[in-house]
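Trainee: Protein chains in written order, with this note's numbering: chain E, 8 to 334; chain Y, 8 to 334; chain X, 8 to 334; chain S, 8 to 334.
Positions of the beta carbon are idealized from the N, C-alpha and C atoms, including for glycine.
None of the values given here were measured: they were computed from a predicted structure.
One structure, as structure tokens, below. Some questions next.
There are 4 protein chains.
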Amino acid sequence: MIVLMKRDATKRQMDRVINKIKEIGFQPHIDHGISTLIGIRGDTSSLDPNIFYMDGVEGVKRVSKPYKEVSKEFHPKKTVIKIGDVEIGGSYPVVIAGPCAVEDERQLLKTAEGVKEGGAHLLRGGAFKPRTSPYSFQGIGEEGLKILADARAKTRLPIVSEIMNQTQIDLFEKYDIDVLQIGARNMQNFDLLKAIGQLKRPVLLKRGPSSSVEEFLLSAEYLLSSGNRNVILCERGIKTFETAYRNVLDFNAVALIKELSHLPIIVDPSHGTGIQSMVVPLTYAAIAVGADGVMVEVHYKPQSAKCDANQQLNLIQFKEMMRSIIR
Amino acid sequence: MIVLMKRDATKRQMDRVINKIKEIGFQPHIDHGISTLIGIRGDTSSLDPNIFYMDGVEGVKRVSKPYKEVSKEFHPKKTVIKIGDVEIGGSYPVVIAGPCAVEDERQLLKTAEGVKEGGAHLLRGGAFKPRTSPYSFQGIGEEGLKILADARAKTRLPIVSEIMNQTQIDLFEKYDIDVLQIGARNMQNFDLLKAIGQLKRPVLLKRGPSSSVEEFLLSAEYLLSSGNRNVILCERGIKTFETAYRNVLDFNAVALIKELSHLPIIVDPSHGTGIQSMVVPLTYAAIAVGADGVMVEVHYKPQSAKCDANQQLNLIQFKEMMRSIIR
Amino acid sequence: MIVLMKRDATKRQMDRVINKIKEIGFQPHIDHGISTLIGIRGDTSSLDPNIFYMDGVEGVKRVSKPYKEVSKEFHPKKTVIKIGDVEIGGSYPVVIAGPCAVEDERQLLKTAEGVKEGGAHLLRGGAFKPRTSPYSFQGIGEEGLKILADARAKTRLPIVSEIMNQTQIDLFEKYDIDVLQIGARNMQNFDLLKAIGQLKRPVLLKRGPSSSVEEFLLSAEYLLSSGNRNVILCERGIKTFETAYRNVLDFNAVALIKELSHLPIIVDPSHGTGIQSMVVPLTYAAIAVGADGVMVEVHYKPQSAKCDANQQLNLIQFKEMMRSIIR
Amino acid sequence: MIVLMKRDATKRQMDRVINKIKEIGFQPHIDHGISTLIGIRGDTSSLDPNIFYMDGVEGVKRVSKPYKEVSKEFHPKKTVIKIGDVEIGGSYPVVIAGPCAVEDERQLLKTAEGVKEGGAHLLRGGAFKPRTSPYSFQGIGEEGLKILADARAKTRLPIVSEIMNQTQIDLFEKYDIDVLQIGARNMQNFDLLKAIGQLKRPVLLKRGPSSSVEEFLLSAEYLLSSGNRNVILCERGIKTFETAYRNVLDFNAVALIKELSHLPIIVDPSHGTGIQSMVVPLTYAAIAVGADGVMVEVHYKPQSAKCDANQQLNLIQFKEMMRSIIR
């Protein structure tokens, strides 16, 4: 539920509304635009809107979507997330680059230096890898987080890595991982969402390959309603009948989410295609449709990568792509 | 990899093969049929089959599927799981029934007594509910497990309940929940699979709504390769373009899995349709296609249920269905 | 729109309603049950229901679905279609069997005699084959229709064959093909539907692999609203993300269509699976879910078939299946 | 099969290869690049490549894809289709614009003049409309073609209109419709493809909403192998589980088809989204990914359109979009 204040509402009038909200056991969320909006957090379906018609109040309305805090109705201003000097959701598209998995120090550092040189804003790399088969390479674990932190120290690129369950939170805190990635298969791991919702650390939430836009935004709502507003959405391709590529990147979702939500949204053309040669044109499309950035897999030697060898760019391809983007 | 012993192989010859397997750091899995098969567990892709050609060995072959221990090649005999007096995967279809969620003592007990009377073999009920929206009813938690255990004491029906993450294992042990259900959205929560793989407790693994048969069997492989062989598979409907019902029950998958795997497989027509009137005919189809049982949602008062009200049978409908099945 | 007459309405009162309907340019459809329903055919969205409240009228209601004549609301009695001595939609499941394609006289006759012996009710065989590739076998054309008619003469089995476009109608009339099959890829070939709607000849309408139940019933509505009420629906599997089998047979659709429509519906487990070993269990499921019959591909020598070799049963398999069904 | 001539092969050597091809009953397709490729049209699967190893021949290879003439292997040079002064597949993205359906003279002319002013290259409008329901507006038929031809005379924009079946070919010839559109639901209407393959007239072939890229290219192969090489492909969105928009535009397909085929491919963001506000960003994405153009629905008064009112741009929106594209 949203209380819209009049343009000339006084601080005192606002405080009375805020107190009323707290009095009945809810939490307010204040958004100062031309007029001030006071969102009421939580499940307000049983609240009577009339109790908020006080002096200075222009109107009260219900949020029409099942997600609340994620919606533009509730928070019209675009969310910009600052990570060091980088702004996600700001005025330029952000590029997150790095290997599928952290394999060893040399591999990560070579790649990190290369993507830094090419102009990447953040460095990605998986230490814990969710794999369909128990017999596939599962990542090098904590060692991978340590290598990432070292690479950050050397390149000054903030780092992004996937967290697989809530018992790993302390570990990710220990290495001060800048952005916690929640993978596509964990998008509806609700206990993980609730636990990460307790933190303030930025989160990169990937859309499940068969999740609707509404389900995706409701998973983000788990994070926001638990207290973490630093959520970056990521479209990474959906599962369809087509087998010629790994997934279908859903640019419709990007365009629609930009209408519905204030959260930044980026695109992952590596998982979204699974084919190296397709990554570059789809990166261009992502930027053209209005995404706030891309996350691309880059490896200094893709042919010897321990996972997703077919979809990783080499450093030359990455740098060429970056030059085209800047132009 | 599988070592097929000759029909007249001696115990000593067998032991030599078993010792060889252990010597090179692998674990054997023995299956006595007409001839004895000795499966070699784990990722054997780099093993040379020739090292096993010893006296008494008929042949050595690689398992052709990415899953090993789940496959019929590795373990040709059908797995039968005993829970109290009930056998899943045995000679009759098993019926698991109960409400979507445990709401309170009265609701569960009334329903449990009804389904027991109707002829159900196990009682189901969710204490922890994974819900798309953070604002939906999330289950009553530990209290629900306690109520389930009480209902078991009164009806002598073994109980099935969903576990949402590995930190809940102790709680499920405390109430001695007979079958741990891994929900569709957790089918690829690999850390949960590995943790439950450490137990011996029977597991009901639901197929993800967009998971392929191969992905489903690979998730089961996580459980078996971690040591838990008491796995019941459950087909609960897949996500398609169709919106007239909640999901499409995939009976092709049931027929195919019965060809590929020795594990029992049951069908959930409640989630597979989402529509009460469709549950009964699809239960008949499940049994006809050869499923080892069904899991149906039953509530003594469906119209007042806190979740999935539209798909739960009432007790009269359930009893009628049971009479038809028996006929 | 439906006019429901009172139980004691007189013939004269009924005639007045019928005349009123004709007067305003519509056509009535009369259904005598306990009370008489008079359906008003065509697009009645702009009609005022009040004009039909005359003596003897109990009530007037709009049909709530986008399809009208196909719905049970409009025509509550189940449609039974007679083809020779066979009844489709009657009291027993009908079995339509025969090869994917008519290849030559010997192949068809051998197969026809075999399926007749096994207990099939109708003989199927494609003379014109819609193929994804222009380089695949396209059927033997008119010659195939002739061979089918000969086989009918010898076995007395009525014949079913696919018609690919409306210019072929005369040809199908010439050989008096008993049932015109409209293939899945032509389900929304609306000009073909309108043309065949002009005939009285029974039609077997296959569901498109990505058509919703509503789209399917609206395609049937094209036939009924053009005048042909002898429509048999056929579920033949839908396209999903799964690649382990050709399609997923949608039994949910069968159960739902039986609730929504009076038309008979059969299942095609051959195209619905694409795998010979799966045809038999899915045939059992089709009958259990309540389908009015099945259509299965049978070939006296499947391994040498010119199309769909992997999904055709041989005669021994077919006869065994028929014995099980009868039991 | 492709015969690759040596760079220094003589005209005489080439002729000998060509004669050989004709001698054995096939047709050659010659493509002069740096070296000359001689494609052998039709199903060459049973041909022995060795018979073409003559003087001047560098090598003989099979085309690795099921489609031949559509592939870049067979015809490496990009196909450019000229329609009046417009080039499709050339150096700039082409814009086809106009209403969903031709409704009347005034509506079409107003819209045509508006899109001309905005910078459109071709005018589209449906005279025959394939509709899911028999009760929906089916187009105004021949009258619509006449109105289109008049609008062409006044604006000099070439015209595109959908042909629903092969019996309409004469009618489309009568009004000299510049581009014959084959709709998504007719993509696998093979008799229609064969008939239009006999013409030289440019064809716009829309991808079926559930057709794979391979099926799509094989439908194009029906046209090329029948003799019509003037084929423009059109991606118009695929059917998925998502219901927030009408379809999902598959930009992966666009990028992949540009790798596989020499045919031009355009994108239809109107059907691909079904939502007016999403058409503009997805048009930008289409151009960025490398499409040869877009087809957008524009109506001078969208709110009163007889079909697809929600997805048509008005003239102001269209002109703004065109200004952005040019920038």
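Is X:Ala160 buried or exposed, if buried means 16 or more other CB atoms sit within 10 Å of its CB?
Mentor: Answer is exposed; the Cβ neighbour count stays below 16.
Trainee: Could you work out which residues of chain X lie near S:Arg192, taking near to mean beta carbons separated by less than 7 Å?
Mentor: Gln195
Trainee: For Y:Gly234, which option in Y:Lys207, Y:Ser218, Y:Leu256 has the closest C-alpha, if you only look at C-alpha atoms?
Mentor: Y:Lys207
Trainee: Just verifying my parser: in three-state terms, what is the DSSP assignment at E:Met8?
Mentor: Note: E:Met8 maps to coil in three-state DSSP.
Trainee: Which partner residues does X:Ile176 have in the DSSP bridge list?
Mentor: In the DSSP output, where bridge partners are listed per residue, X:Ile176 has none listed.
Trainee: If contact means a Cβ-Cβ distance below 7 Å, which residues of the stretch 245–268 of chain S contact chain Y?
Mentor: Lys246, Thr247, Phe248, Thr250
Trainee: Consider the Cβ of Y:Asn172: report whether some Cβ of chain E lies at a distance smaller than 9 Å.
Mentor: yes
Trainee: Y:Val255: which of X:Thr247, X:Tyr252, X:Arg253, X:Val70 sits nearest, CA to CA?
Mentor: The shortest C-alpha separation from Y:Val255 is found at X:Thr247.
Trainee: 9 Å is my cut-off, CB to CB: does E:Pro288 come that close to chain S?
Mentor: yes
Trainee: Once you ignore the five residues that flank Y:Thr118 on each side, which residues in its own chain have a CB closer than 7 Å to its CB?
Mentor: Gly105, Pro106, Val305, His306, Tyr307
Trainee: Contact check, Y:Glu94 vs Y:Gly133 under 8 Å by CB: the rounded distance?
Mentor: Not a contact, Cβ separation roughly 24 Å.
Trainee: So for X:Asn185, helix, strand or coil by DSSP?
Mentor: One point to set straight first is that residue 185 of chain X is Asp, not Asn, in the sequence displayed. Here DSSP, grouped into helix, strand and coil, assigns X:Asp185 to coil.
Trainee: Taking just the CA atoms, how far does S:Leu211 sit from S:Ile176?
Mentor: 15 Å
Trainee: Please report the straight-line C-alpha distance between E:Phe179 and E:Asp185, rounded to a whole angstrom.
Mentor: 9 Å
Trainee: Using 8 Å as the Cβ pair cut-off and three pairs as the minimum, do the stretch 58–71 of chain X and the stretch 96–103 of chain X touch?
Mentor: As far as the Cβ criterion goes, the stretch 58–71 of chain X does not touch the stretch 96–103 of chain X, which means the pair count is below three.
Trainee: Looking at C-alpha atoms only, which residue of X:Ala292, X:Thr250, X:Leu240 is the closest neighbour of X:His269?
Mentor: X:Leu240
Trainee: Cβ atoms of E:Gly215 and E:Ala191: under 9 Å apart, would you say?
Mentor: In contact: E:Ala191 and E:Gly215 (Cβ atoms closer than 9 Å).
Trainee: Do we get a CB-CB distance below 9 Å when we pair Y:Thr280 with the residues of chain X?
Mentor: yes
Trainee: Taking the Cβ atom as the reference point for each residue, do X:Gly279 and X:Leu289 lie within a distance shorter than 9 Å?
Mentor: yes
Trainee: Would you verify that the beta carbon of X:Ser217 is, or is not, closer than 9 Å to some beta carbon of chain E?
Mentor: yes
Trainee: Flag E:Glu180 as yes if its beta-carbon sits less than 9 Å from any beta-carbon of chain Y, otherwise no.
Mentor: Not an interface residue.
Trainee: Among residues of its own chain, excluding the 5 on either side of E:Gln20, which ones have a beta-carbon nearer than 6 Å to its beta-carbon?
Mentor: Closer than 6 Å at Cβ, skipping near neighbours: Asp62, Gly63.
Trainee: Could you list which residues in chain C have their beta carbon closer than 7 Å to that of S:Ser71, in chain order?
Mentor: In the structure shown, chain C does not exist; the protein chains are E, Y, X and S.
Trainee: By the DSSP assignment, the beta strand (DSSP E) with S:His36 in it spans what residues?
Mentor: 34–39
Trainee: Would you kindly check if the distance between the Cβ of E:Asp198 and the Cβ of E:Gly244 is under 9 Å?
Mentor: no
Trainee: Tell me which residue opens and which closes the alpha helix (DSSP H) that E:Arg127 is part of.
Mentor: Correcting the residue type first, residue 127 of chain E is Ala in the shown sequence and not Arg. Premise fails: E:Ala127 is in no alpha helix (DSSP H) and is neither H nor E.
Trainee: Can you list, in chain order, the residues of its chain with a C-beta nearer than 7 Å to that of E:Ile154? Leave out the 5 residues immediately preceding and following it.
Mentor: Counting only Cβ-Cβ distances below 7 Å, and skipping sequence neighbours, we find Val109, Glu112, Leu115.
Trainee: For the candidate residues E:Pro209, E:Leu200, E:Gln205, whose alpha-carbon lies nearest to that of E:Phe223?
Mentor: The shortest Cα separation from E:Phe223 among E:Pro209, E:Leu200, E:Gln205 belongs to E:Leu200.
Trainee: For a contact defined as C-beta to C-beta under 8 Å, what are the partners of Y:Gly300 on chain X?
Mentor: Ordered by position in chain X, no residue passes the 8 Å Cβ test against Y:Gly300, which lies about 15 Å from the chain.
Trainee: Closest to S:Phe325 by C-alpha separation, out of S:Ala293, S:Gln283, S:Ile294, would be which residue?
Mentor: S:Gln283
Trainee: For E:Lys89, name the three-state secondary structure that DSSP assigns.
Mentor: strand
Trainee: Within the continuous beta strand (DSSP E) that includes S:Thr290, where are the two ends?
Mentor: Looking at the DSSP string, S:Thr290 is not in any beta strand (DSSP E); the run it does join, the alpha helix (DSSP H), is 283–296.
Trainee: Looking only at C-alpha atoms, which of S:Val287, S:Pro271, S:Gln318 sits nearest to S:Val87?
Mentor: Taking only the C-alpha atoms, the option nearest S:Val87 is S:Pro271.
Trainee: What does Y:Ser284 reach in chain X if we use C-beta pairs closer than 7 Å?
Mentor: Glu266
Trainee: I'd like to know if the stretch 73–93 of chain E and the stretch 36–53 of chain E are in contact, where contact means that at least 3 CB-CB pairs between them fall below 8 Å.
Mentor: yes
Trainee: Find the nearest neighbour of E:Asn57 within the set E:Asp92, E:Ile9, E:Glu266, judged by alpha-carbon distance.
Mentor: E:Ile9
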